[in-house]
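Written below as structure tokens is the structure these notes are about.
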Amino acid sequence: MDDLKSESLRKPFVPFAPAPRVKPLGKIGQIFVLARNPIETWTQAHYELPLLAGPSLVGEMIVVNQPEAIRHVLVENAANYQKDPLQQRILEAGTSEGSGLGLLSAEGDLWKRTRRTLAPSFTPRRVGAFAPVMLERAEARVDRWVKRRSGAILEIDREMIGVTYDILSATLFSDALAEDAAGFERELAALLNAIGRVHPFDIFDAPKWLPRFGRHRARQSRLWFEGAISRLIGHRLALMREQPEEVPDDLLTALMKASDPETGTGLTQAEVSANLFTFIAAGHETTARALGWTLYLLARTPKWWEKCAEEARNAPEDPAQWLDAMPALRAAFEESMRLFPPVPMMSRIAGAGDVLGDIPVAKGTIVVIAPWLIHRHSLLWDQPAAFMPERFMPGEREKIDRFAYLPFGAGPRVCIGAVFAQMEAMIVLTSILRRVRLTHLGEEPRPVHRITLRPEGRLAMKMEIR
Ligand code: HEM
-3 MDDLKSESLR KPFVPFAPAP RVKPLGKIGQ IFVLARNPIE TWTQAHYELP
47 LLAGPSLVGE MIVVNQPEAI RHVLVENAAN YQKDPLQQRI LEAGTSEGSG
97 LGLLSAEGDL WKRTRRTLAP SFTPRRVGAF APVMLERAEA RVDRWVKRRS
147 GAILEIDREM IGVTYDILSA TLFSDALAED AAGFERELAA LLNAIGRVHP
197 FDIFDAPKWL PRFGRHRARQ SRLWFEGAIS RLIGHRLALM REQPEEVPDD
247 LLTALMKASD PETGTGLTQA EVSANLFTFI AAGHETTARA LGWTLYLLAR
297 TPKWWEKCAE EARNAPEDPA QWLDAMPALR AAFEESMRLF PPVPMMSRIA
347 GAGDVLGDIP VAKGTIVVIA PWLIHRHSLL WDQPAAFMPE RFMPGEREKI
397 DRFAYLPFGA GPRVCIGAVF AQMEAMIVLT SILRRVRLTH LGEEPRPVHR
447 ITLRPEGRLA MKMEIR
């Protein structure tokens, strides 16, 4: 560990990131840059000041980088800060009238009831039961790689989208959409691509009937999913009725059987469908991107790769234990999500007036909590732009403020799939590290914010079999 520490400190690897702007953009410039890559709108001050308030395209806005104020918004006064309408408009693109709202976009009583009902399906014990099937899918993916010769070139971004799809398909609905797998991947890619862009009409809350580029395609994809999910639920209901002993123990069954611990009420069919879709949309690309960035950063820092590979080769037999068994690998994964948070920005709207730090916040103000900024903030991190997993090693990890590191958010709306995602990540990374070595090829990837933070273009890597 000491040699790793000294290597990182001597010349830590600094991955490419867009340079902060010296001056804020004008209105027109902001519209263009927001549509292309929102993280390119931030100025130097956003990386240096704790709180920045002022007018913006979407009205009064405050960007909150101070841990105390973040805790206030996400925890202490969370009831005053609902998800903001711009975020909702982007996330709900393509939903048909009458379709239920999933946990991610629900508010108020619907959110409370849904969260209570779904929480038991995401406990560490429940998620641990999925570890063997996660491992089987991850191993199958690496098996396919090693059938090719050493030196083969892999498009790691696509491979990670593929493996996280395989894992979601197995754990969510036991591959029951297998005959539609190609359609599933195609429609999901089309949907995420279309909804991932901030459209100027959405910024200004223009009427819904005005055409947004790509929204027609998003709507087609939503309809495709609604059809596929409704067939899936229909088959599962029939199985529950006719052959209950054959019903698989997956998340779909859990959702269909789940009931609110306070009232005993279950989810309606529209709610099961909306939440199944939410898990796919919220859980698939986020995890894939986190994995892609981690492999890229490890590939660029050979000593960390070797340290993690050694841990992976000595991993305990039971994959459900891997989350806590490999400190260096976990630290590398956490540090990767610091530099490239899969969800680079969250936002809320103030329901009533409040004060953040010493700044008064008027009702209706948009509150931005951007992990991209917070994780790279000069007041919160030493050498913020450098890849230094030792920050997250036991002994150091405890010193990080809970509200300075937010890849999964915090407070009542913290990611419900956080344990699932972390367990999946440790399993996929371990399966890769113990069998192959990857070398990054081509230009340094450029992070682009499209709801998630993805590398622009392909993440090509050369594979050598170990
Ligand atoms: C590395 C992977 C992931 C990251 C970085 C991530 C990140 C996040 C973040 C930051 C939030 C909070 C958003 C906010 O407060 O505005 C969130 C919420 C959520 N995530 Fe994740 N997520 C990941 C994986 C998953 C997975 C695997 C699932 C499901 C299987 C999932 C399901 C959800 C849901 C349903 C919510 C909404 C929770 C609520 O509002 O009560 N996520 N996620």
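Quick note, the sequence shown lines up with residues -3 to 462 if you use this note's numbering. Think of the CB as a built atom: it goes at the ideal place given N, C-alpha and C, for glycine as much as any other residue. Computed from a predicted model, the values in this text were never measured in an experiment.
Alpha-carbon spacing of alanine 166 relative to proline 337, whole angstroms: As a working mapping, residue 166 is identified with position 170 in the sequence shown. As a working mapping, residue 337 is identified with position 341 in the sequence shown. Alanine 166 and proline 337: Cα-Cα distance of roughly 26 Å.
Contact check, proline 340 vs alanine 366 under 8 Å by CB: the rounded distance? Along the sequence shown, read from residue 1 onward, the residue named residue 340 stands at position 344. Along the sequence shown, read from residue 1 onward, the residue named residue 366 stands at position 370. That pair is a contact at about 6 Å.
Entirely within the segment 370 to 397 and at least 4 residues each: give me those alpha helix (DSSP H) ranges in chain order. Within the segment 370 to 397, no run of alpha helix (DSSP H) at least 4 residues long lies entirely inside it.
Would you say cysteine 411 touches ligand 1, meaning its beta carbon is less than 8 Å from a heavy atom? Your numbering for residue 411 matches position 415 in the sequence shown. Distance from the C-beta of cysteine 411 to the nearest heavy atom of ligand 1 is below 8 Å.
Straight-line Cα distance separating alanine 41 from arginine 309: The residue you call residue 309 lines up with position 313 of the sequence shown. The residue you call residue 41 lines up with position 45 of the sequence shown. Cα-Cα distance, rounded: 44 Å.
Beta-carbon proximity of isoleucine 149 to methionine 459, cut-off 9 Å: Locating residue 149 in the sequence shown gives position 153, counting from the first residue. Locating residue 459 in the sequence shown gives position 463, counting from the first residue. With respect to methionine 459, isoleucine 149 sits close: the two C-beta atoms are nearer than 9 Å.
According to the neighbour-count rule (16 or more other Cβ atoms, all chains shown, within 10 Å of its Cβ), is leucine 248 buried or exposed? One-based indexing of the sequence shown puts residue 248 at position 252. Buried, because 16 or more other Cβ atoms sit within 10 Å of the Cβ of leucine 248.
Secondary structure at valine 142, three-state DSSP: helix, strand or coil? In the sequence shown, the residue the question calls residue 142 occupies position 146. Three-state result, valine 142: helix.
Given 8 Å as the limit, is there contact between the segment 60 to 71 and the segment 394 to 405, that is, 3 or more CB pairs closer than that? As far as the Cβ criterion goes, the segment 60 to 71 touches the segment 394 to 405, which means the pair count is three or higher.
Can you find the residues in the same chain that come closer than 6 Å, C-beta to C-beta, to tryptophan 289, ignoring five residues on each side of it along the sequence? Translated into positions along the sequence shown, residue 289 becomes position 293. The residues are Ser332, Phe336.
Return yes when the C-beta of leucine 180 is under 8 Å from any heavy atom of ligand 1, and no when it is not. The residue given as residue 180 occupies position 184 in the sequence shown. The sequence shown places phenylalanine at residue 180, not leucine. Phenylalanine 180: no, Cβ never under 8 Å from ligand 1.
C-alpha distance - glutamine 403 paired with methionine 130, whole-angstrom precision: Within the sequence shown, the letter at position 407 stands for residue 403. Within the sequence shown, the letter at position 134 stands for residue 130. In the sequence under discussion, the amino acid at residue 403 is proline, which differs from the glutamine named in the question. Computed Cα separation, rounded: 22 Å.
Does DSSP put tyrosine 292 in a helix, in a strand, or in coil? The residue given as residue 292 occupies position 296 in the sequence shown. In this structure, tyrosine 292 counts as helix in the three-state DSSP scheme.
In three-state DSSP terms, what is alanine 49? The residue labelled residue 49 in the question sits at position 53 within the sequence shown. Three-state result, alanine 49: strand.
How long is the line joining the alpha carbons of threonine 435 and threonine 297, rounded to whole angstroms? The sequence position of residue 435 within the sequence shown is 439, counting from 1. The sequence position of residue 297 within the sequence shown is 301, counting from 1. When the Cα atoms are used, threonine 435 and threonine 297 turn out to be separated by approximately 10 Å.
Can you say whether threonine 261 is buried or exposed, counting buried as having 16 or more other CB atoms within 10 angstroms of its CB? Here residue 261 refers to the residue found at position 265 when the sequence shown is read from its first residue. With fewer than 16 neighbouring CB atoms inside 10 Å of its own CB, threonine 261 falls in the exposed class.
Through-space distance from alanine 125 to glutamate 135, alpha-carbon basis: Stepping through the sequence shown from its first residue, residue 135 is reached at position 139. Stepping through the sequence shown from its first residue, residue 125 is reached at position 129. Distance from the CA of glutamate 135 to the CA of alanine 125, rounded to the nearest whole angstrom, comes to 17 Å.
Measuring alpha carbon to alpha carbon, tell me which of Glu44, Glu281, Pro11, Ile24 ends up nearest serine 374. Start at 1 with the first residue of the sequence shown, and residue 374 comes out as number 378. The shortest Cα separation from serine 374 among Glu44, Glu281, Pro11, Ile24 belongs to Glu44.
Glycine 90 versus alanine 75 - alpha carbon distance: Mapped onto the sequence shown, residue 90 falls at position 94. Mapped onto the sequence shown, residue 75 falls at position 79. Its pLDDT being 48, under 50, glycine 90 is placed unreliably in this model, and the coordinates cannot settle the point.
With a 10 Å radius around its C-beta and 16 neighbouring C-beta atoms as the bar for buried, classify threonine 274 as buried or exposed. Translated into the one-based positions of the sequence shown, residue 274 becomes position 278. That one is buried.
Within 10 angstroms of its Cβ, does glutamine 379 collect 16 or more other Cβ (buried), or is it exposed? Taking the sequence shown and counting its residues from 1, one reaches residue 379 at position 383. Using a 10 angstroms sphere on the CB of glutamine 379, the tally of other CB atoms stays under 16, which defines it as exposed.
If you pair each beta-carbon of the segment 48 to 68 with each one of the segment 227 to 238, do three or more pairs fall below 8 Å? The count of Cβ pairs closer than 8 Å, one atom from the segment 48 to 68 and one from the segment 227 to 238, stays below three, leaving the stretches out of contact.
Would you call the segment 304 to 324 and the segment 181 to 189 touching, i.e. three or more CB-CB distances under 8 Å? Contact fails between the segment 304 to 324 and the segment 181 to 189, because fewer than three Cβ pairs, one in each stretch, are under 8 Å apart.
Return the first residue and the last residue of the beta strand (DSSP E) that tyrosine 77 is part of. Here residue 77 refers to the residue found at position 81 of the sequence shown. Looking at the DSSP string, the run of the beta strand (DSSP E) that includes tyrosine 77 is 77 to 79.
Own chain residues within Cβ distance below 8 Å of valine 432, not counting five before or after: Within the sequence shown, numbered from 1, the residue matching residue 432 stands at position 436. Hits under 8 Å: Val138, Trp141, Val142, Met459, Glu460, Ile461, Arg462.
From the DSSP secondary-structure annotation, give me the bridge partner or partners of valine 59. Counting from one through the sequence shown, the residue named residue 59 turns up at place 63. Answer is Leu48, Val364, bridged to valine 59.
Using a Cβ-based criterion (distance less than 8 Å to any ligand heavy atom), does threonine 274 qualify as near ligand 3? By its list of ligands, the structure shown excludes ligand 3, since it contains just ligand 1.
What are the boundary residues of the alpha helix (DSSP H) that lysine 299 is part of? By one-based count along the sequence shown, residue 299 stands at place 303. Boundaries of the alpha helix (DSSP H) harbouring lysine 299: 298 to 309, taken from the DSSP string.
Other residues of its chain near valine 29: CB distance less than 8 Å, five sequence neighbours each side excluded: Taking the sequence shown and counting its residues from 1, one reaches residue 29 at position 33. Taken in chain order, the residues that qualify are Leu21, Glu36, Thr37.
For aspartate 153, count neighbouring Cβ atoms within 10 angstroms of its own Cβ and tell me buried if that reaches 16, exposed if not. For the purposes of this step, residue 153 is identified with residue 157 of the sequence shown, where counting begins at 1. Buried.
Less than 9 Å between the C-beta atoms of lysine 108 and isoleucine 345, yes or no? Numbered from 1 along the sequence shown, position 112 holds the residue referred to as residue 108. Numbered from 1 along the sequence shown, position 349 holds the residue referred to as residue 345. No.
Valine 71 beta carbon near ligand 1 (any heavy atom closer than 8 Å): As a working note, residue 71 is residue 75 in the sequence shown. The beta carbon of valine 71 sits no closer than 8 Å to any heavy atom of ligand 1.
Given that a residue counts as buried once 16 or more other Cβ atoms are within 10 Å of its Cβ, and exposed if not, what is lysine 303? Taking the sequence shown and counting its residues from 1, the one referred to as residue 303 is at position 307. Looking at its Cβ environment, which holds 16 or more other Cβ atoms inside 10 Å, lysine 303 is buried.
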